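Undergrad: First to last, the sequence lines map onto chains A and B.
Residue numbers for the first sequence, in my numbering: 1 to 167.
Residue numbers for the second sequence, in my numbering: 168 to 373.
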Amino acid sequence: MQQNIAGTLGEYENRSLDTICVNDSLQKESWVANIKYGVVGLLFGIVFVKAEVISWFRIQEMFRLESFHMYGVIGVAVIVGAISVWAIKRFGIKSIGGEHIEFHDKKFNKGQIYGATLFGLGWAITGACPGPLFAQIGTGALVIGVTLLSAIAGTWVYGYFREKLPH
Amino acid sequence: MIYELKYLRENYFQHTMFELINLVKSPWHWSVAGILVGLTVPALLILGNKHFGISANLRHACAACLPANIPFFNYEWKKEVWNFFFVGGLILGAFLAAQFLQTSGPVDIHPNLANDLAQSGITDYSSLVPQQLFNLENLFTWKGLFFFVIGGFLVGFGARYAGGCTSGHAISGLSNLQWPSLVATIFFMVGGFVSANLIVPFLLNL
Numbered sequence: 001m002q003q004n005i006a007g008t009l010g011e012y013e014n015r016s017l018d019t020i021c022v023n024d025s026l027q028k029e030s031w032v033a034n035i036k037y038g039v040v041g042l043l044f045g046i047v048f049v050k051a052e053v054i055s056w057f058r059i060q061e062m063f064r065l066e067s068f069h070m071y072g073v074i075g076v077a078v079i080v081g082a083i084s085v086w087a088i089k090r091f092g093i094k095s096i097g098g099e100h101i102e103f104h105d106k107k108f109n110k111g112q113i114y115g116a117t118l119f120g121l122g123w124a125i126t127g128a129c130p131g132p133l134f135a136q137i138g139t140g141a142l143v144i145g146v147t148l149l150s151a152i153a154g155t156w157v158y159g160y161f162r163e164k165l166p167h
Numbered sequence: 168m169i170y171e172l173k174y175l176r177e178n179y180f181q182h183t184m185f186e187l188i189n190l191v192k193s194p195w196h197w198s199v200a201g202i203l204v205g206l207t208v209p210a211l212l213i214l215g216n217k218h219f220g221i222s223a224n225l226r227h228a229c230a231a232c233l234p235a236n237i238p239f240f241n242y243e244w245k246k247e248v249w250n251f252f253f254v255g256g257l258i259l260g261a262f263l264a265a266q267f268l269q270t271s272g273p274v275d276i277h278p279n280l281a282n283d284l285a286q287s288g289i290t291d292y293s294s295l296v297p298q299q300l301f302n303l304e305n306l307f308t309w310k311g312l313f314f315f316v317i318g319g320f321l322v323g324f325g326a327r328y329a330g331g332c333t334s335g336h337a338i339s340g341l342s343n344l345q346w347p348s349l350v351a352t353i354f355f356m357v358g359g360f361v362s363a364n365l366i367v368p369f370l371l372n373l
């Protein structure tokens, strides 16, 4: 799609390249202020363990069509998320820092086919997508740290070959 | 009379607390989990204009530790430090839940899956991660190479190539009604179906 894109882009464009999860805030926050995101993460981690979202078995059941559980979790999460996003847009809800919350349209590229398929292959093997990888380590399965390091290596290799890959 | 009432009330309170603790400790229903996961999206937006996603952390780790002059890793990762806090909390939350909020009992799994796994020697369902597969002894075997190293590599490489993982595309992206995220989610599932039904059974018997 793009040729040597990172060299010609601004900082924000490069930072948000191939990424949905970005910090849109222009405000500079102190280290202490970041603790609130840690608290959200903590609650999120408890949900992941308690609802067995991080279970290798549940992921196998999902892909073998033997359980509705994961479809239920993801389906309800999308509905709740969509209603929330709609409400934020409709009522112009601002962040607690008083900033306008902006949403960006995602452009299509072929990575969403090739990359997503490769991701899916790995997802069923490891029984975990990136969030559960962290959570599994938290539950004491320290050996999953190897999987996490390998996932970081995979990300690095993608960055290295990015401009040569079809997009 | 007054004494009896007080006793009853205390008893009732204890009973309710007991029920509540049991409820928290048993596995949660998918609808409860779905609502709480979904609420993470507005929580992060309202707390600080942050878009929910997790695999970006893997990229920030590259940018922070080994950018190696690769343009893709040359950005101000410090602006995304909040995400390291998020996964830090995630690890801690998982630790607390596993230590204090878990009943000790086997994970409930579908009999067909149990059957197939038993043929590959996996019979222990006491933990969410099968310990007979994900253990240190397996790490340096062919099984380990696939389940740890290659599996992890595909997750990291694929997530970035796709522009997001399950949280970024399937939760954040779909919540914002982005059709490219729907395409990505569909192909996550395609890869998963192929892998779980055709590749994993083969790998389990390595």
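Idealized CB from N, CA, C, for every residue including glycine.
Keep in mind it's a predicted model, so treat the numbers as computed, not measured.
(1) In or out: Asn302(B) buried (at least 16 other Cβ within 10 Å) or exposed?
(2) Distance, Cα to Cα, Ile258(B) vs Phe68(A)?
(3) Note down, one range per segment and in chain order, each beta strand (DSSP E) of at least 3 residues found wholly within the segment 127-159 of chain A.
(4) Please go through the same chain and pick out, in chain order, the residues whose beta-carbon is closer than 8 Å to the beta-carbon of Val85(A), but skip the five residues on each side of it.
(5) Can you name, in chain order, every residue of its own chain whose Cβ lies under 7 Å from the Cβ of Phe341(B), other than the five neighbours on each side?
(6) So what does Asn23(A) bridge to, in DSSP terms?
(7) Can you pull the chain A residues whose beta carbon is under 9 Å from the beta carbon of Pro347(B), in chain order?
(8) Comparing the C-beta of Asn216(B) with each C-beta of chain A, is any distance below 8 Å?
(9) Closer than 7 Å by C-beta to Ser293(B): which residues in its own chain qualify, once you throw out the five before and the five after it? Chain order, please.
(10) Against Val32(A), what residues of chain B qualify as contacts under a CB-to-CB distance less than 8 Å, listed in chain order?
(11) Can the beta-carbon of Ile20(A) be found closer than 8 Å to that of Gly331(B)?
(12) How would you list, in chain order, the residues of chain A whose beta-carbon sits under 7 Å from the beta-carbon of Thr207(B)?
(13) Which term fits Trp309(B), buried or exposed, when burial requires 16 or more other beta carbons within 10 angstroms of its beta carbon?
(14) Look at Val47(A) and His218(B) and say whether their C-beta atoms are less than 8 Å apart.
(15) Taking only beta-carbon atoms, is Pro273(B) less than 8 Å away from chain A?
(16) Just to confirm my understanding: we take Gln2(A), look at its own chain, exclude 5 residues before and 5 after, and list those with CB closer than 6 Å. What are they?
(17) With H, G and I counted as helix, E and B as strand and the rest as coil, what does DSSP make of Lys50(A)?
(18) Can you list, in chain order, the residues of its chain with a C-beta nearer than 8 Å to that of Pro132(A)? Leave out the 5 residues immediately preceding and following it.
(19) By DSSP, does Lys36(A) sit in helix, in strand, or in coil?
(20) Is the distance from the Cβ of Ala87(A) to the Cβ of Ile93(A) below 8 Å?
(21) Could you tell me the alpha carbon to alpha carbon distance between Phe251(B) and Phe134(A), rounded to whole angstroms?
(22) When you compare only the Cα positions, how much space is there between Asn4(A) and Phe240(B)?
(23) Counting only Cβ-Cβ distances shorter than 8 Å, please list the residues of the segment 112-135 of chain A near chain B, keeping chain order.
(24) Nearest-angstrom Cα distance between Ala128(A) and Val73(A)?
(25) Any chance you could list the alpha helix (DSSP H) runs of at least 4 consecutive residues sitting entirely within the segment 282-343 of chain B, in chain order?
(26) Excluding the five sequence neighbours on either side, which residues of its own chain have a C-beta within less than 7 Å of the C-beta of Ile101(A), listed in chain order?
(27) Examine the Cβ distances between the segment 274-293 of chain B and the segment 107-120 of chain A and report whether three or more of them are shorter than 8 Å.
(28) What in chain B is Cβ-close to Gly97(A), meaning under 9 Å?
(29) Within this structure, are the beta carbons of Asn14(A) and Tyr328(B) separated by less than 8 Å?
(30) How about Thr147(A) and Phe315(B): are their beta carbons less than 8 Å apart?
(31) Could you tell me which chain A residues have their CB closer than 8 Å to the CB of Ala228(B), listed as they occur along the chain?
(32) The alpha helix (DSSP H) that contains Val357(B), what's its start and end?
(33) Answer with buried or exposed for Leu172(B), where buried requires no fewer than 16 other C-beta atoms within 10 angstroms of its C-beta.
(34) Apart from the five residues on each side of it in sequence, which residues of its chain come closer than 7 Å, Cβ to Cβ, to Ala363(B)?
(35) Express the C-alpha separation of Gly335(B) and Phe313(B) in angstroms, rounding to a whole number.
(36) Report the rounded CA-to-CA distance for Gly311(B) versus Asn305(B), giving the unit in angstroms.
TA: Taking the definition as stated:
(1) exposed
(2) 26 Å
(3) none
(4) Phe103
(5) It is worth fixing the name first, because residue 341(B) is Leu in this sequence and not Phe. Closer than 7 Å at Cβ, skipping near neighbours: Ser348, Leu349 and Thr352.
(6) Lys217(B)
(7) Asp105, Lys106, Lys107, Phe108, Asn109 and Gln112
(8) yes
(9) Pro273
(10) Per Cβ cutoff of 8 Å: no residues; Val32(A) is ~10 Å from chain B at best.
(11) yes
(12) Val40 and Phe44
(13) exposed
(14) no
(15) no
(16) Residue confidence for Gln2(A) is low, a pLDDT of 40 falling below 50, so the modelled location carries little weight; the figure read from the coordinates is stated next. Excluding residues within five positions, none has a Cβ falling inside 6 Å.
(17) helix
(18) Phe48, Val53 and Ile54
(19) helix
(20) yes
(21) 11 Å
(22) At Asn4(A) the pLDDT is 45, less than 50, meaning the model places this residue with poor confidence and gives no usable figure here.
(23) Gln112, Ile113, Tyr114, Gly115, Ala116, Thr117, Leu118, Phe119, Gly120, Leu121, Gly122, Trp123, Ala124, Ile125, Thr126, Gly127, Ala128, Cys129, Pro130, Gly131, Leu133, Phe134 and Ala135
(24) 15 Å
(25) 303-306 and 318-329
(26) Ile88, Ile93, Lys94 and Ser95
(27) no
(28) Leu214, Gly215 and Asn216
(29) no
(30) yes
(31) Ile152 and Thr155
(32) Trp346 to Val361
(33) exposed
(34) none
(35) 25 Å
(36) 5 Å
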